[in-house]
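Peer 1:
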Amino acid sequence: MQYLEWQDYRQGWIFRHRELPVDEADLARIRPLNAHSAEQLWRQQVSAEASHASHFLSDDWPARNGIWQSQKLDWQQRWESQNGDMPEELLQHCDWQDNTVIYFCYDVHHVVETEWVLFKRYWKNFLFFDDGPLLLGKRRAQVAQFFSDGQYQLGERPLK
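In this note's numbering, the protein residues as written are 509 to 668.
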């Protein structure tokens, strides 16, 4: 994988927001993929054709029946609260080790890689963009997708 330098990452402001600061040592471990690496990961792990969650085709795993739990859950109320903890249902569903590599996939050209421990700490920063991004753990079936209406869904994806 190849990564962008922070000064080259257009959306980098989400990790430098004055109300949600990210520690410099942690910022070094939150790594936006360059466009080529992001596209490669998206094509291999998410969709060979669609460029964004709003364009998934019926043969893309996120659009298949049986992937997602039927109940959508609320993330926005927790995001807006003073409590920094992620929603409990998400923590229970993604019961990963802290060093698990995760990918937060906004679209085909916008993917951020970090470790689960850092995503848990800075999840609010990641959700400044909330129009369908997917949370994937490397070699993990559990997945979550977030929506701009303040809801998210949990599921199990097929591993490739």
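Using N, Cα and C, we set each Cβ at its ideal position, and we do this for glycine too.
Specify the secondary structure class of H563 as computed by DSSP and reduced to three states.
Peer 2: As a first step, residue 563 is located in the sequence shown; it is residue number 55 there, counting from the start. Looking at H563 - three-state DSSP - the assignment turns out to be helix.
Peer 1: R647 to L667, Cα distance in whole Å?
Peer 2: In the sequence shown, residue 647 corresponds to position 139, counting from 1. In the sequence shown, residue 667 corresponds to position 159, counting from 1. Rounded to whole angstroms, R647 to L667 spans 7 Å at the Cα level.
Peer 1: If you run the structure through DSSP and keep just helix, strand and coil, what is P540?
Peer 2: Position 32 of the sequence shown, counting from 1, holds the residue named residue 540. P540: strand per DSSP, three-state reduction.
Peer 1: Consult DSSP for W587 and reduce its assignment to one of helix, strand or coil.
Peer 2: Counting from 1 along the sequence shown, the entry for residue 587 is found at position 79. Helix at W587.
Peer 1: Please state whether the Cβ-Cβ distance between L643 and D534 is less than 7 Å.
Peer 2: Numbered from its first residue, the sequence shown carries residue 643 at position 135. Numbered from its first residue, the sequence shown carries residue 534 at position 26. Going by C-beta atoms, L643 is not nearer than 7 Å to D534.
Peer 1: With a 10 Å radius around its C-beta and 16 neighbouring C-beta atoms as the bar for buried, classify D606 as buried or exposed.
Peer 2: Numbered from 1 along the sequence shown, position 98 holds the residue referred to as residue 606. Classification for D606: exposed.
Peer 1: Between H525 and W569, what straight-line distance do the alpha-carbon atoms span, to the nearest angstrom?
Peer 2: To locate residue 525, count along the sequence shown from 1; it is residue 17. To locate residue 569, count along the sequence shown from 1; it is residue 61. About 34 Å.
Peer 1: What residue range is occupied by the uninterrupted alpha helix (DSSP H) comprising A533?
Peer 2: Taking the sequence shown and counting its residues from 1, one reaches residue 533 at position 25. Its alpha helix (DSSP H) spans residues 532-535.
Peer 1: Identify which residue in D531, Q659, W514, Q552 has its Cα closest to the Cα of C613.
Peer 2: By 1-based counting over the sequence shown, the position of residue 613 is 105. Among D531, Q659, W514, Q552, the Cα nearest to that of C613 is on Q552.
Peer 1: Are L512 and N542 closer than 7 Å when you measure CB to CB?
Peer 2: Here residue 512 is taken as the residue at index 4 of the sequence shown, counted from 1. Here residue 542 is taken as the residue at index 34 of the sequence shown, counted from 1. Against a cut-off of 7 Å, the Cβ pair of N542 and L512 comes out as a contact.
Peer 1: Go to H601, then tell me how far its beta strand (DSSP E) extends in each direction, as first and last residue.
Peer 2: Start at 1 with the first residue of the sequence shown, and residue 601 comes out as number 93. Not the beta strand (DSSP E): H601 falls in the alpha helix (DSSP H), residues 596-601.
Peer 1: My output table needs one value for L581: the three-state DSSP class, helix, strand or coil.
Peer 2: The residue labelled residue 581 in the question sits at position 73 within the sequence shown. Note: L581 maps to strand in three-state DSSP.
Peer 1: DSSP has H652 in a bridge; who is on the other side?
Peer 2: As a first step, residue 652 is located in the sequence shown; it is residue number 144 there, counting from the start. A quick correction: the sequence has Ala, not His, at residue 652. Looking at the DSSP assignment, A652 forms a beta bridge with L643, L662.
Peer 1: When DSSP builds the beta bridges, which residues end up paired with F612?
Peer 2: The residue labelled residue 612 in the question sits at position 104 within the sequence shown. Paired residues: V620, L643.
Peer 1: So, are the CB atoms of G663 and W576 less than 7 Å apart?
Peer 2: Looking up residue 663 in the sequence shown gives position 155. Looking up residue 576 in the sequence shown gives position 68. For G663 and W576, yes; Cβs fall inside 7 Å.
Peer 1: Using DSSP with H/G/I as helix, E/B as strand and the rest coil, what is Y511?
Peer 2: As a first step, residue 511 is located in the sequence shown; it is residue number 3 there, counting from the start. If DSSP states are grouped into helix, strand and coil, Y511 belongs with the strands.
Peer 1: Determine the direct distance from the alpha carbon of H601 to that of A649, and round the result to whole angstroms.
Peer 2: On the sequence shown, residue 649 is found 141 positions in, with the first residue counted as 1. On the sequence shown, residue 601 is found 93 positions in, with the first residue counted as 1. For A649 and H601, the distance between alpha carbons rounds to 10 Å.
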